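*Asks:* Have a look at this one before I ask anything.
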Amino acid sequence: MAQKAAKQLAARNTAILNRTHAISLALNLLFIILRLLIFRSSRSRPTLHFYTLLSLPALVIEFWLERIGRPTHGANGELQRSGEDLEAKGLTEFMWDVLYWTWGCVVAATVLGNKGWWLWSVIPVYGTWLAYTTFGSVKKGMGGLTGQSGEDGVASGGATSNRQRKMEKRGGQKMQYR
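For the sequence shown, position 166 (counting from the first letter as 1) is numbered 166 according to full-length UniProt numbering, and the numbering increases by one without interruption.
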């Protein structure tokens with residue numbers, strides 16, 4: 001079976017994208033039906049502005065994930081491209097977090113009204129924290145490459161092994177000439 005991994009990735013991506021679109025459609029229809037048709041007192045310009053402005057990033061992310069993750073097939077049904085892995089770490093994972101949190105905010109805004117959109121303010125805080133911890137760990141990891149040493153002038157390598165201690169006790173490695 002040729003390209004088994006690519007076919008599995010394509011099937012997994014298709015299932016993930018179909019589920020994502022169904023959930024997004026259901027939540028947005030729920031908001032529109034409840035907030036704009038049933039609770040008519042909450043149908044105002046600020047409600048529409050909040051909904052449009054704060055749902056737009058999730059819509060953009062959803063279309064981006066669709067574009068990079070949807071597999072493409074040839075005219076004969078053969079898999080041409082399986083798409084990017086939608087379960088990858090890093091930026092893709094952050095996009096899923098934003099998408100899920102926005103869905104939660106849509107549900108909160110459906111139940112609580114415009115006050116539910118305040119939950120969306122957590123996303124920039126989370127993004128800032130994630131960037132700080134990521135770049136902080138990269139910066140700390142690069143310290144060893146640039147020759148920086150730990151406290152008191154000794155390279156921060158942690159505990160030494162028994163072999164290293166014995167070699168230091170003997171005076172280090174010495175070259176023997178014949």
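Quick reminder that beta carbons are idealized off the backbone N, C-alpha and C, glycines included.
The structure presented is a predicted model; accordingly, all values stated were derived computationally and were not measured.
On the DSSP letters alone, give me the boundaries of the beta strand (DSSP E) that Q80 sits inside.
*Replies:* Residues L79 to R81.
*Asks:* Which of the three DSSP states, helix, strand or coil, is assigned to T160?
*Replies:* Coil, per DSSP.
*Asks:* Determine the DSSP secondary structure at G150, reduced to helix, strand or coil.
*Replies:* Bear in mind that the predicted position of G150 carries a pLDDT of just 47, short of 50, making it unreliable; the figure below should be weighed with that in mind. Note: G150 maps to coil in three-state DSSP.
*Asks:* Based on the DSSP output, what are the partners of T72 in its beta bridges?
*Replies:* DSSP output for T72 lists R81 as bridge partner(s).
*Asks:* Look up R19 in the DSSP assignment and say whether it is helix, strand or coil.
*Replies:* In the structure shown, R19 sits in a helix (DSSP, three-state: H, G or I).
*Asks:* Enumerate in chain order the residues of its own chain whose CB-to-CB distance from F94 is below 8 Å, with the five nearest sequence positions on each side excluded.
*Replies:* Closer than 8 Å at Cβ, skipping near neighbours: G127 and L130.
*Asks:* Within 10 angstroms of the Cβ of N76, are there 16 or more other Cβ atoms? Answer buried if so, exposed if not.
*Replies:* Result: exposed.
*Asks:* Does DSSP put A5 in a helix, a strand or coil?
*Replies:* Note: A5 maps to helix in three-state DSSP.
*Asks:* Residues in its own chain within less than 8 Å of R70 by CB, not counting five upstream and five downstream?
*Replies:* Correct list, in chain order: N13, T14, L17 and G83.
*Asks:* State the DSSP-derived secondary structure class of E93, mapped to helix, strand or coil.
*Replies:* Three-state DSSP puts E93 in a helix.
*Asks:* Three-state secondary structure (DSSP) at F39?
*Replies:* DSSP places F39 in coil when its eight states are reduced to three.
*Asks:* Pick out whichever of L53, N114 and L65 has its Cα sitting closest to the Cα of A88.
*Replies:* The option with the nearest alpha carbon to A88 is L65.
*Asks:* Cutting at 8 Å between CB atoms, please list the residues of its own chain near R19, excluding the five before and the five after it.
*Replies:* Once the five neighbours on either side are set aside, R19 has no close Cβ partner at all.
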